[in-house]
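Student: In our numbering, the protein residues as written are 1 to 535. Note that the Cβ used here is the ideal one computed from N, Cα and C, for glycine as well. After the structure tokens below, expect a handful of questions from me.
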Amino acid sequence: MIKFAIKHLKKRAQFLKYCVGGGTAFIVDFSLLYIFTEFLGLWYLWSATASFVIAVYVNYLIQKFWTFKSSGQYALRQFLVFTAAQIVGLFINNTALYVLVESFGLWYMFSKAIAAAVVLIWNFWASKMFVFNDEFLSKEPQIIIAAEIFPPDIGGPATYTYRIAKYLTNQKINFKIICYATTIPRKSQEEFGRRITRISSFLPLLIKYFIYLINLFVLSLPISTKVIYAQGAVASGLPAVLVGKILRKRVVIKVVGDYGWEQARIYHATERSIDDWQHQRIFKAKKLLINLKLKFICCVQKFAIRQASVIIVPSHYLKSLVGGWGVREQKIKVIYNAVDFQFYELNSQKEAKKKIKIDGDLILTVGRLVPWKGMDTLVAIMPEIKKINPCFKLVIAGSGSEEKKLKLLIKDLKLANSVIMAGRLSQQEMSKFYQASSLFVLNSSYEGLSHVILEAMYYKLPIITSAVGGNPELIQDDYNGCLVEYNNKQAWLAAIKRLWQNKSLRERFCSNPLVKMDVFSFDHMVRDTIKVLNI
């Protein structure tokens, strides 16, 4: 029992020391308040102000050299931060004192005791977080990454943020990460330790966003914080620009698409293409609340992007898209995403088919199963594609909201043996599917800059894709692939037939990259990103 008590006291030693120091200052404060009021005849609020100021500087010396044992490395900056914290404390003290005396009729000395207890809590938190925190006072440049997802949660943005964090760690650049999380690892399993703050994704929406905002504000308070790098325009971008405005920090937002349009498509509030949507946003969801929600998302997205210092986009197409939202061209920087071409085991096409246990001539498509990816059109034309080559099989790799709809379509068309729903695959598994395939197709109404096209190019697959978004930045029609009108069934059938029946054309497409692949290297991407962040 005694050992437990000693152990518990050691854990609370800093706070106990703070209370002793604070108690000493409290005695000074009380004594001077009584003397100034009773013997010098000052109004109690003037007395409270004078006694408070003297007491807090007594407290400062005790806490600096005994409780927190802070170095003198940042003495002037520390003193200024301390003064700012005490001004807040003085406001809390005098407000509480005035309310308790004037509104509740309490004796001013008793009211002072209550006010002092409230100020004690504020002062301890402010001292620990800011005044005697060398990390807060340091001049070393620091970046705050305002992420939306982070490993162990999966997805492209999570992987991107993780790789940036690893690079910053290796380069000994100070950083902090805040993110939403469906999984919160134990502290012992947290790779980045105290550098990362996770906000549960399962909290009620407004509470979740409010907690994220407050935590981002606290993380961004250090003088050393030079820039907040938000990984989206809404869930992370809005908090970032609000904090940036208050604290006068640079805010950089990465934009990989039109989130408002994506949500409108998911909620079936529009059938318009992303380009048509830019000219006229009409919301046609069945529920009014959904339409209001979507309008709010669009407004937030536009507001955040306009307020940011710099916008990073992964393609020239997205640069023109964001420019249409009223953002000056000079603020928009194109930095191609890095594609991680990991050197997994290379197999012949025959060996790869054995490993994935699918035979035939495979037509591969990869992507989220969402309305604008056009997977349903590819399934719908499979009976006609089979006439071109009876051995053709369509492999769909990915998951999403349209999965049930696609499975029903496959069942209705009796294509169970001709269309394989492979689900979401790891990078290692995905490499086997690329190597097993004969053609790669992507029928999407929107792509910022398609990673899967780059991966198909890496694995030397002939490519047919829709002539939309950033696709023409990677594929030049009839040079290194075929560009086809989105959802045009006849055009898709003609392109597949032409490419399949012309072996020399397939070989030419695979040997003519439109861009050098090193443009999409991680080193290239991170170098340009750090330059924009200016850290």
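(1) Taking the alpha-carbon positions, what's the ASN487 to ILE211 distance?
(2) Counting pairs of Cβ atoms below 8 Å between the stretch 162-179 and the stretch 51-63, do you hit three or more?
(3) Decide yes or no for the touch test of the stretch 205-225 against the stretch 186-196: beta carbon pairs closer than 8 Å, at least 3 of them.
(4) Ignore the nearest five residues each way along the sequence and tell me which others in LYS319's own chain have a CB closer than 6 Å to its CB.
(5) Along the chain, where does the beta strand (DSSP E) containing MET421 start, and where does it finish?
(6) By DSSP, does TYR180 sit in helix, in strand, or in coil?
(7) Which runs of the alpha helix (DSSP H) spanning at least 4 residues fall entirely within the stretch 185-244, listed in chain order?
(8) Please decide whether TYR446 counts as near chain B, where near means a Cβ-Cβ distance under 7 Å.
(9) Determine whether the beta carbon atoms of SER418 and MET382 lie at a separation below 7 Å.
(10) Counting only the same chain and skipping the five closest in sequence on each side, list residues whose C-beta sits under 6 Å from that of GLY400.
(11) If we call anything under 7 Å between Cβ atoms a contact, is TRP325 one with LYS302?
(12) Just to confirm, is the Cβ distance from ALA146 to ALA230 under 7 Å?
(13) Quick check: the stretch 105-121 against the stretch 18-30, are there 3 or more CB pairs under 8 Å?
(14) Looking at C-beta atoms only, is the number of pairs between the stretch 443-453 and the stretch 403-412 that lie closer than 8 Å three or more?
(15) What are the complete alpha helix (DSSP H) segments, minimum 4 residues, inside the stretch 396-456?
(16) Check the C-beta distance from SER437 over to LEU454 and give it rounded, since I have them as a contact under 8 Å.
(17) Starting from LYS511 and walking both ways along the beta strand (DSSP E), at which residues does that stretch end?
(18) Which residue comes first and which comes last in the beta strand (DSSP E) that contains SER466?
(19) Using the Cα positions of PHE520 and ALA338, report the straight-line distance between them to the nearest angstrom.
(20) Less than 6 Å between C-beta atoms, sequence neighbours within five positions excluded: which residues of the same chain meet that for PHE30?
(21) Can you say whether PRO185 is buried or exposed, counting buried as having 16 or more other CB atoms within 10 angstroms of its CB?
(22) Measure how close the beta-carbons of GLN142 and SER224 come, nearest whole angstrom, since I'm counting them as under 8 Å.
(23) Give me, in chain order, the residues of the same chain whose beta-carbon lies closer than 6 Å to that of ALA549; leave out the 5 immediate sequence neighbours on both sides.
(24) I'd like to confirm the pairing. Which residues does DSSP put opposite VAL53 in its beta bridges?
(25) If the criterion is Cβ atoms closer than 7 Å, does the pair MET421 and ILE396 meet it?
(26) For LEU289 and VAL99, what's the separation of their Cα atoms in angstroms?
(27) Run through DSSP, which three-state label would ASN471 get?
(28) Going straight from the alpha carbon of GLY536 to that of VAL322, what length do you get?
Tutor: On the basis of the supplied data:
(1) Numbered from 1 along the sequence shown, position 487 holds the residue referred to as residue 487. Numbered from 1 along the sequence shown, position 211 holds the residue referred to as residue 211. Put simply, the backbone Cα of ASN487 is about 43 Å away from that of ILE211.
(2) Because the criterion of three Cβ pairs below 8 Å is not met, the stretch 162-179 and the stretch 51-63 do not touch.
(3) With a cut-off of 8 Å, the stretch 186-196 and the stretch 205-225 do not count as touching, because too few Cβ pairs lie within range.
(4) Your numbering for residue 319 matches position 319 in the sequence shown. The beta carbon of LYS319 is closer than 6 Å to those of VAL313, ILE332 and VAL334 in its chain, skipping five residues each way along the sequence.
(5) By one-based count along the sequence shown, residue 421 stands at place 421. Run containing MET421: 419-423, per the beta strand (DSSP E) assignment.
(6) Numbered from its first residue, the sequence shown carries residue 180 at position 180. The three-state secondary structure of TYR180, taken from DSSP, is strand.
(7) Secondary structure in the stretch 185-244: the alpha helix (DSSP H) runs of 4 residues or longer, each lying completely within the stretch, are 205-220 in chain order.
(8) Absence of chain B from the displayed structure is noted, only one protein chain being present.
(9) Taking the sequence shown and counting its residues from 1, one reaches residue 418 at position 418. Taking the sequence shown and counting its residues from 1, one reaches residue 382 at position 382. Cβ distance < 7 Å, so SER418 and MET382 count as in contact.
(10) Taking the first residue of the sequence shown as position 1, residue 400 is located at position 400. Cβ within range, chain order: ARG368, LEU369 and VAL370.
(11) Taking the first residue of the sequence shown as 1, we reach residue 325 at position 325. Taking the first residue of the sequence shown as 1, we reach residue 302 at position 302. The beta carbons of TRP325 and LYS302 sit closer together than 7 Å.
(12) What you label residue 146 is simply residue 146 of the sequence shown in a count that begins at 1. What you label residue 230 is simply residue 230 of the sequence shown in a count that begins at 1. Yes, the Cβ-Cβ distance between ALA146 and ALA230 is below 7 Å.
(13) Contact check between the stretch 105-121 and the stretch 18-30: three or more CB pairs, one atom from each, fall below 8 Å, which counts as touching.
(14) At 8 Å Cβ cutoff, the stretches do not touch.
(15) The stretch 396-456 contains these whole alpha helix (DSSP H) runs: 403-412 and 427-436.
(16) Your numbering for residue 437 matches position 437 in the sequence shown. Your numbering for residue 454 matches position 454 in the sequence shown. A Cβ-Cβ separation of about 15 Å leaves SER437 out of contact with LEU454 under the 8 Å criterion.
(17) One-based indexing of the sequence shown puts residue 511 at position 511. One detail in the question is off: residue 511 reads as Ser in this sequence, not Lys. Under the DSSP assignment, SER511 falls outside any beta strand (DSSP E); it carries neither an H nor an E label.
(18) By one-based count along the sequence shown, residue 466 stands at place 466. Element bounds for SER466: 463-466.
(19) Taking the sequence shown and counting its residues from 1, the one referred to as residue 520 is at position 520. Taking the sequence shown and counting its residues from 1, the one referred to as residue 338 is at position 338. Distance between the alpha carbons of PHE520 and ALA338 is about 5 Å.
(20) Taking the sequence shown and counting its residues from 1, one reaches residue 30 at position 30. Within the same chain, no Cβ atom closer than 6 Å to the Cβ of PHE30 is found once the five residues on either side in sequence are excluded.
(21) Reading the sequence shown from its first residue, position 185 is the one you call residue 185. Classification for PRO185: exposed.
(22) Along the sequence shown, one-based indexing puts residue 142 at 142. Along the sequence shown, one-based indexing puts residue 224 at 224. Between GLN142 and SER224, the beta carbon gap of about 4 Å places them in contact (Cβ cut-off 8 Å).
(23) Lying before the first or after the last residue shown, residue 549 is absent from the chain, which here runs from 1 to 535.
(24) By one-based count along the sequence shown, residue 53 stands at place 53. Beta-bridge annotation (DSSP): VAL53 is not paired with any residue.
(25) Here residue 421 corresponds to residue number 421 of the sequence shown, with the count starting at 1. Here residue 396 corresponds to residue number 396 of the sequence shown, with the count starting at 1. Going by C-beta atoms, MET421 is nearer than 7 Å to ILE396.
(26) As a working mapping, residue 289 is identified with position 289 in the sequence shown. As a working mapping, residue 99 is identified with position 99 in the sequence shown. Looking at the two C-alpha atoms, the distance is approximately 43 Å.
(27) In the sequence shown, residue 471 corresponds to position 471, counting from 1. If DSSP states are grouped into helix, strand and coil, ASN471 belongs with the helices.
(28) The question about residue 536 has no answer, for the chain in this structure spans 1 to 535.
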